[in-house]
Every structure is written in C-alpha cells, then in structure tokens.
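As numbered in full-length UniProt numbering, residues 1 to 403 make up the sequence shown, in order. Ideal placement from N, C-alpha and C gives every residue a C-beta, glycine not left out. Just so it is clear, the structure is predicted and the values come from calculations on it, not from any experiment. One structure is given here, and the rest of the page talks about it.
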Amino acid sequence: MLSLRSLYQIGYGPSSSHTMGPARAIKMIKEEHPDITHFQVTLYNSLALTGKGHLTEEAMLHSAFPSTIEFQTKIDLEKFANTILVLGYKNDELISTDEVKSTGGGRIVFVGRESLETHVYPHQNFNEIKAYCRKHHLSLYDYVVTFEGLEIVDFLKDIWNAMKDAIQRGITIDGTLPGPLKVKRKAKTLIEKVMVNEPSEITENRLVSAYAFAVSEENAAGGIIVTAPTCGACGVLPAVLYYMREKHAFIDDTRVIKALAVAGLIGNLIKHNASISGAVAGCQAEVGSACSMAAAAHATLFNLSINQVEYAAEIAMEHHLGLTCDPINGYVQIPCIERNAVAALRAIDACGLSYFLSDSRKISFDTVIETMYQTGLSMHTDYKETSMAGLAKHYKGTDENCW
C-alpha cells in the first residue's frame with residue numbers, strides 16, 4: 001500500500017478526481033514536454049458527464065492552459081470511469097499522446113506507463129495488519145509509524161491544521177454556493193440556531209453536522225480542504241475529530257494525530273483493495289469510506305482495541321453499501337453536503353455499537369471492502385457520478401413543493 005501522504009492531500013475543491021487529478025496530469029505532461037504550445041484534451045465518462053459542475057475545465061486551464069477541452073458525453077464502457085486523453089502539440093506537430101485515469105482522491109495513473117509510486121506497507125489487508133500488530137505488540141498507530149517513520153507525525157499535524165482551518169472558515173460564512181442550484185450555506189446557521197433547553201444529544205447532532213457542512217461547503221465553493229479520502233467526502237472525518245476534540249478534555253492533539261493515522265490506514269486499505277471513487281463504485285466508495293475512516297478514528301480517540309476499531313469501520317461501511325453517486329447538475333452540493341453530515345453522525349454511532357458488540361461480530365472489514373467493491377462494479381453506470389439517474393434525474397429544478 002502507498003503512504004498516507006498519497007491519501008491525505010491538501011488542495012482546492014470541489015472534486016479530487018475531477019479537478020485535482022486532471023490538473024495534476026496536465027501539469028506533469030507539461031513538465032515532461034516543456035516545448036508543448038497547446039493541448040487537445042478529451043474527457044470521457046464521469047469526467048465528461050459531470051465535469052462542468054465539478055469545474056474540471058477550469059482546473060485544467062488553470063494548471064497549464066490547454067487550448068481545447070472536449071466533453072465526450074456518450075459513455076464508453078471500454079474506458080475507465082474517469083479517463084482523460086491528452087494530445088500535446090508543438091505548433092501544428094503532435095509530440096505527445098497520453099491516456100490518463102483519475103482513480104480518486106487526486107491520484108492519477110498513466111496508461112501504459114509503469115507507476116513510480118512507492119509502496120511503504122508490506123501488508124495487503126486488515127487481517128494481515130492485525131496479525132502483524134499482535135505478533136509485535138503494536139497498536140494500529142504504532143504500525144503506521146513503523147512503516148512511515150516518525151516524520152509522518154509532522155505531516156499529519158499539517159493535515160489536522162488544514163482540517164481545522166476549513167471548519168473554522170466554513171462556520172463563519174453564509175451566502176449562496178456557486179452554480180445554478182443556488183444552495184444556501186447552512187453551517188453558520190447550524191452553529192447559531194440553538195434550541196431553548198436543547199438536549200445534549202440534539203446539541204451533538206447539530207454541532208457535528210455544522211462542522212461537516214462547514215468543510216463540505218468550503219469544498220463546494222472551491223476552497224482549500226483535505227481529501228479524506230476524497231473532496232466529495234471531505235467533511236466527515238474532520239467533523240468527528242473536531243467535535244470530539246472540543247467535547248472531551250482528555251482528547252488532545254496527540255490523540256487526534258493518532259486517530260488520523262488509523263483513519264488513513266483504513267482509507268488506504270479501501271483505496272488499495274477496492275476504490276474510493278464515486279465514478280467507479282458510487283458514493284459508498286466516497287462517503288462510505290469516509291464514514292469508515294471516521295468510525296475508526298473515533299474508536300482510536302477512546303483507545304478501543306484493534307477488534308473494536310475494525311468493527312466500527314466495518315459497521316460504517318456495511319450500512320453505506322449500495323449508496324449511489326447522483327450529484328444534481330454535476331455539482332458537489334446536493335446530496336453530497338448533507339450526506340457528509342449524516343455519515344459523520346453514523347460514524348459516531350458505529351463506534352458506539354462496536355464498543356459493546358465487537359465480541360459477537362460475524363463480518364470482517366476485509367469482507368465488507370470486497371463487498372463494497374463488487375457492489376460498485378455491479379451498479380449501473382448511470383448511478384456512478386454521471387448525473388444521469390437518481391436525484392440528478394428526478395430533481396425538477398424547483399423547491400415549490402418543499403414548504
């Protein structure tokens with residue numbers, strides 16, 4: 001498996017696969033061929049169908065000013081879900097041709113090229129990791145540090161600071177998000193809208209949701225966020241960590257860093273053995289993965305056992321199985337923002353169940369990852385970030401029936 005540095009990335013929203021990945025591809029090709037004068041780019045499948053709402057064109061133009069971008073809106077099942085064909089020209093001469101897959105979380109793969117990425121973890125699934133930890137008397141955090149080195153701590157501190165910054169910005173801003181949907185920001189309202197004699201459980205629901213909305217709204221507005229594991233699911237993990245850090249005096253930044261490490265390990269396992277891309281496996285691969293990461297992080301904050309951490313992550317994913325990716329108009333707004341808040345709350349509940357029931361569980365985390373992936377592969381293409389089905393199809397462009 002790759003380093004956590006490839007999972008957690010600080011960058012601009014609204015989509016890691018549709019903005020970060022394509023922009024990175026163009027930049028890399030430009031660096032390899034500095035004499036290129038212009039590009040001809042063709043986007044396929046999810047990139048083409050939701051690229052407008054995801055601001056793909058703007059991200060690529062900002063990266064290296066390609067001359068023309070074509071959106072091939074007819075689905076090509078022979079190509080990967082997020083495919084970019086990049087032709088580089090020196091004046092009128094074609095000097096480079098690259099087909100690139102944007103696989104999720106900002107990661108890209110050049111078709112036909114050997115990957116230069118370095119795998120730092122020798123184990124391939126959770127069961128192997130758990131066996132190694134038991135043999136060497138390690139916690140999951142110790143396992144991460146064993147293979148990443150202590151320098152990963154400073155990296156995770158930067159990730160935590162970026163997550164906090166996104167929340168703190170998001171809860172202070174109101175107004176409307178960009179795009180034709182005219183979605184109002186709600187994080188600030190959730191922070192300020194305190195009920196009279198508000199029960200503690202309502203307060204928790206409101207605040208966790210506010211923090212998830214804050215990050216997701218920053219993402220939708222093109223602000224700086226952390227892929228956790230993607231831009232579309234970036235609000236789940238920060239919301240849980242931030243709320244628990246505020247609520248419990250015994251949870252300090254050191255515990256949060258350990259929780260981030262374990263959450264990253266969970267996200268890495270999903271990325272390595274399945275997918276974190278909505279275009280490949282639906283939103284179960286994005287928000288479902290983020291919920292698993294947040295549940296594992298929550299369990300780590302409370303020093304739960306490896307079995308309990310695993311069960312929390314498994315519950316979180318199991319109850320997102322089959323979740324479709326159907327962004328209205330291709331914007332990472334509806335249902336994405338609200339979905340982040342629901343998943344953050346579900347992560348907390350999943351950890352609570354694991355605390356009491358981990359000794360009676362039947363399903364391993366490895367099994368649920370494989371199940372999610374196979375479910376995603378079986379899902380109809382229209383439900384995988386194409387905006388051709390689900391809410392994206394049935395939304396009528398009006399809220400006249402919502403009062």
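Just to confirm before moving on: does the CB-CB distance between residue i and residue j stay below 7 angstroms?
i	j	result
residue 63	residue 27	yes
residue 340	residue 236	yes
residue 49	residue 73	yes
residue 263	residue 296	yes
residue 343	residue 287	yes
residue 258	residue 141	yes
residue 230	residue 9	no
residue 96	residue 88	yes
residue 215	residue 171	no
residue 84	residue 109	no
residue 373	residue 181	no
residue 276	residue 292	no
residue 394	residue 348	no
residue 169	residue 190	no
residue 160	residue 240	no
residue 304	residue 156	no
residue 266	residue 313	yes
If I measure Cβ to Cβ from residue i and keep anything under 7 angstroms in the same chain, skipping five residues before and after, which residues do I get?
i	result
residue 307	358
residue 173	185, 188
residue 60	22, 23, 26, 41, 66, 69
residue 202	195
residue 52	330
residue 318	363, 368
residue 57	51, 69
residue 390	324, 326, 383
Return the chain-ordered list of same chain residues with a C-beta closer than 6 angstroms to the C-beta of residue i, the five sequence neighbours on each side being excluded.
i	result
residue 311	354, 358, 361
residue 366	125, 126, 127
residue 163	226, 238
residue 16	105, 106, 227, 230, 231
residue 274	369, 372, 373
residue 111	99
Any idea what DSSP makes of residue i, helix, strand or coil?
i	result
residue 298	helix
residue 84	strand
residue 383	helix
residue 120	coil
residue 373	helix
residue 56	helix
residue 98	strand
residue 110	strand
residue 47	helix
residue 129	helix
residue 321	coil
residue 236	helix
residue 355	helix
residue 330	helix
residue 103	strand
residue 188	helix
residue 349	helix
residue 76	coil
residue 486	Since the first residue of the chain shown is 1 and the last is 403, residue 486 is not available in this structure.
residue 391	helix
residue 303	coil
Within the same chain, show all residues whose beta-carbon is closer than 8 angstroms to that of residue i, passing over the 5 residues directly before and after it, in chain order.
i	result
residue 384	46, 81, 278, 279, 280, 281, 282, 324, 325, 376
residue 120	1, 2, 3, 147, 148
residue 178	220, 221, 222
residue 132	123, 138, 143
residue 175	184, 185
Using a Cβ-Cβ distance cut-off of 7 angstroms, determine whether residue i contacts chain B.
i	result
residue 103	Of the protein chains in this structure there is only one, and it is not chain B.
Since residue i sits in a beta bridge, which residues does DSSP pair it with?
i	result
residue 177	Residue 177 pairs with nothing; no bridge assigned.
residue 245	Partner(s): none; residue 245 has no beta bridge.
residue 68	40
residue 149	Paired residue(s): none; residue 149 is not in a bridge.
residue 10	226
residue 2	119
residue 89	38, 94
Cβ of residue i within 6 angstroms of any heavy atom in the ligand ADP?
i	result
residue 377	The ligand ADP is absent from the structure shown, which contains no ligand whatsoever.
Go through the segment 247-284 residue by residue and report every complete run of the beta strand (DSSP E) that reaches 3 residues or more, in order.
With a minimum length of 3 residues, no continuous beta strand (DSSP E) run stays inside the segment 247-284.
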